[in-house]
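If you read the sequence shown in this note's numbering, its first letter stands for residue 700, the second for the next number, and so on.
Note that beta-carbon positions come from the ideal geometry of N, C-alpha and C, so glycine has one too.
Some notes on the structure that comes next.
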Amino acid sequence: MSALTTNKSVLSWIDEKVELVKPDKIVWIDGSKEQIEELRATACSTGELVKLNQDLLPNCYLHRTAVNDVARVEGRTFICAPTKEEAGPTNNWMEPSEAYNMLYDIARDSYKGRTMYVIPYSMGPVGSPFAKIGIELTDSIYVVLNMVIMTRVGKAVLDVLGDSNDWVRGLHCRCSIDEEKRYICQFPQDNTIISVNSGYGGNVLLGKKCFALRIASYQGWKEGWQAEHMLILGIENPQGEVKYICAAFPSACGKTNLAMLIPPESYKKKGYKVWCVGDDIAWIRKGPDGRLYAINPENGFFGVAPGTNEKSNPNALATTKEGTIFTNVAHNLDNNTVWWEGLDKNPPANAVEWKGSKWNGQESEEKGAHPNSRFTAPAKNCPCLSSEFENPNGVPISAIVFGGRRAKLAPLVYQSRDWNHGVFVGSIMASETTAAAAGAVGVVRRDPMAMLPFCGYNMADYWQHWIDIGKTLDADKAPKIFNVNWFRKDDEGNFMWPGFGDNLRVLDWIIDRCEGKVGAKETEIGFIPNAEDINIEGLEGEVTLDSLKSILEVEKELWQEDAKGIEEFYAKFGDRIPPVLAEELATLKKNVQ
Ligand code: GTP
Ligand code: SPV
Ligand code: MN
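Structure follows, in structure tokens:
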């Protein structure tokens, strides 16, 4: 098959990589229906994919990864900047030439007997001023079919690229899925990503975390914009006005759920609607009117399956009914469909669990789906997809929301005093770890702006970049910055806030604050709602004014403790910490004394 471009930088890079990995065959991905069908058929013939019930789940497939390859591997993810200081204390670092040599040794000849797929893709609507182009080489059909859902793929992308050298190089080699030789390496200065020995999600769909966050955060720093681990949603009020919010929560902390939320009955009746622009990544830049605008660079959703059901997230569930790839969920053999924990209360009795063994649905013994099992679903399927999804200029942002999973300390919601304080609030985020990354689950760690695993350069410089962006914004045009916590627990370990659709009640307060329509209490940590101002109509029995007050409380002793933790965390960055943030920390310490 002949190349889809005459771009010399593309062709010579591919030639080099062909020389290295030695494929039997090269296939350019044009994204056509015929090509996708052919790839699906090939993957089914080798067992890489299982074709699901085409009446119930048209064009849907199931994939199982290797048992040792089910999540991102933060310990094996590297930022290969020229110096360790440029990667910063929160990233693993490897010297670039050493990294290239090691990776090339692993990749050498690894495509022998296999096909090289060349995937030209655009992050962002093709040709949008926000969009960026990448090319991923892979020997995995699963990766190709996922990239076709998650990004815009095909010749149109190369036509936009023309002869330009401004594109991100991505080489993925499955190799033998050896955990000891698994590396996910970003070279921000070279616009290059190399991923070896994995076949899972964020490790191998190189447009997603590797490019759209790690490489793009660095590009944004150099070019004056921002790449963030944020959902984007629009809230339409009964008058038909839509306000947009970006929210950064760590992995598996509720972005997809919030982005697709269904308003509570009382809000629905009044005419409120919520529109999803994006569920994981936002690229943000200033528009001609001086406001910040965001696009979702992705074209699909790579969402957490467990817990997704008709009640928690009907929009996500509906999105997965066509053209979706399910990864590491249980396979119901009776009707050839899929199942996961929390889908319903009827686990299939005649099934295969995510590792590939027969399973009788007895949840107590074994799980049917891996906790980080996922669906890859086309955005266009989403019933609440925003009409602005394809807008090449993005949507204007009224509020930025940070949030984590914290059983204690962080109140349901609070507002920062101003932009710089808001950057501080983002920088001190902490959250319990989840199954989205390999390692322990439920351990509280600092995760600034939900970017700990995704920032492509020194986090202190990233904070300074946030502060510098703020300097370019007029106070009345800058988004207001908030922090939320849906995950407060009582002493018995029960969630104290119903969450999911009811989170709109908090967003409603946030929008009112942005418009100066509601007051607040100034406290040690920022502005807290007067409990009466959070609408709890219809939550009788679940939330009372008193229980609401208790999750809005600022517990000084806990904050004193936390301030010490922040100080220790900041100390890792030495004198690179932006002075503005050091001052904010001093203010917090003084306030909670
Ligand atoms: P990534 O795709 O890993 O970036 O995750 P995400 O941030 O999109 O998280 P997602 O929306 O998939 O939610 C992950 C888990 O958090 C789900 O299993 C939900 O059960 C749970 N969750 C989401 N929203 C809420 C909420 O408001 N309250 C509670 N208690 N749990 C929630
Ligand atoms: C996350 O872990 O934040 C995800 C899933 O969105 S992955 O693509 O694997 O990074
Ligand atoms: Mn994510």
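Those residues which DSSP pairs with residue 1000 across a bridge: 1076
Assuming contact is defined by CB atoms lying nearer than 8 Å, are residue 874 and residue 805 in contact in what I supplied? yes
Have a look at the DSSP bridge pairing and note the partners of residue 868. 834 and 891
How do the stretch 1165-1185 and the stretch 983-996 stand: do at least 3 beta-carbon pairs fall below 8 Å, yes or no? yes
Residue 850 burial status per 10 Å Cβ neighbour count (16 or more: buried): buried
Whole angstroms are fine: how far does the CA of residue 1292 sit from the CA of residue 1015? 45 Å
Decide if residue 978 is buried, meaning its Cβ has at least 16 other Cβ atoms within 10 Å, or exposed. buried
So, under 8 Å CB-CB, residue 738 and residue 843 are touching, yes? Tell me the CB distance rounded to an integer number of Å. 6 Å
Using C-beta distances below 6 Å, list every residue in its chain close to residue 1128, excluding the 5 sequence neighbours before and after it, in chain order. 1101, 1103, 1146 and 1147
Pair every Cβ in the stretch 766-785 with every Cβ in the stretch 879-894, then say whether three or more of these pairs are closer than 8 Å. yes
Span of the alpha helix (DSSP H), counted from its first residue to its last, around residue 929: Per DSSP, residue 929 belongs to no alpha helix (DSSP H); it is in the beta strand (DSSP E), 929-935.
Does the separation of the CB atoms of residue 752 and residue 1035 fall below 8 Å? yes
What first and last residue would you give for the beta strand (DSSP E) that runs through residue 884? 882-886
With a 10 Å radius around its C-beta and 16 neighbouring C-beta atoms as the bar for buried, classify residue 653 as buried or exposed. Since the first residue shown for the chain is 700 and the last is 1292, residue 653 is missing from the structure and cannot be characterised.
Nearest candidate by alpha-carbon position, reference residue 1203, set 942, 1244 and 1191: 942
Would you mind working out which of 1197, 736, 920 and 1187 sits nearest residue 982, comparing C-alpha positions? 920
Taking the alpha carbon of residue 773 as the point to measure from, which residue in 848, 878, 757 and 800 has its own alpha carbon closest? 878
Hey, could you find the ends of the beta strand (DSSP E) residue 730 is sitting in? From DSSP, residue 730 is part of no beta strand (DSSP E); its letter is neither H nor E.
By DSSP's criteria, residue 1030 is part of a beta bridge. Which residues make up the other side? 1037 and 1051
Which first and last residues belong to the beta strand (DSSP E) in which residue 776 is found? 776-778
For residue 1247, I'd like the list of residues in its chain whose CB is within less than 8 Å of its CB, leaving aside the five on either flank, ordered along the chain. 1111, 1230, 1233 and 1235
Whole-angstrom distance between residue 801 and residue 870, CA atom to CA atom: 14 Å
Spell out the partners DSSP gives residue 814 in its beta bridges. 724
DSSP bridge partner residues for residue 712 (one or two, in chain order): Looking at the DSSP assignment, residue 712 forms no beta bridge with any residue, so it has no partner.
Output needed for residue 1162: all residues of its chain with C-beta closer than 7 Å, excluding positions within five of it in sequence on either side, in chain order. 1122, 1126, 1277 and 1280
Taking the C-alpha atoms as reference points, what is the distance between residue 1286 and residue 1215? 25 Å
Are there three or more Cβ pairs, one per stretch, closer than 8 Å when the stretch 1015-1032 is compared with the stretch 1070-1082? yes
Give me the pocket residues for the ligand MN, defined as CB within less than 5 Å of any heavy atom, sorted by chain position. 950 and 979
Taking only heavy atoms of the ligand SPV into account, decide whether any of them is closer than 7 Å to the Cβ of residue 1001. yes
DSSP state of residue 926, grouped into three classes? strand
Is it true that the CB of residue 1030 sits closer than 8 Å to the CB of residue 1242? no
Excluding the 5 residues preceding and the 5 following residue 1244 in the sequence, name in chain order all residues of the same chain whose CB lies nearer than 6 Å to its CB. 1230
Pick helix, strand or coil for residue 977, following the three-state DSSP scheme. strand
Kindly indicate which residue of 725, 868 and 1130 has the alpha-carbon position closest to the one of residue 948. 1130
State the Cα-Cα distance for the pair residue 867 and residue 717, rounded to the nearest angstrom. 17 Å
Take residue 1237 and list the residues in its own chain whose beta-carbon comes closer than 8 Å to its own, dropping the five residues that flank it on each side. 963, 964 and 965
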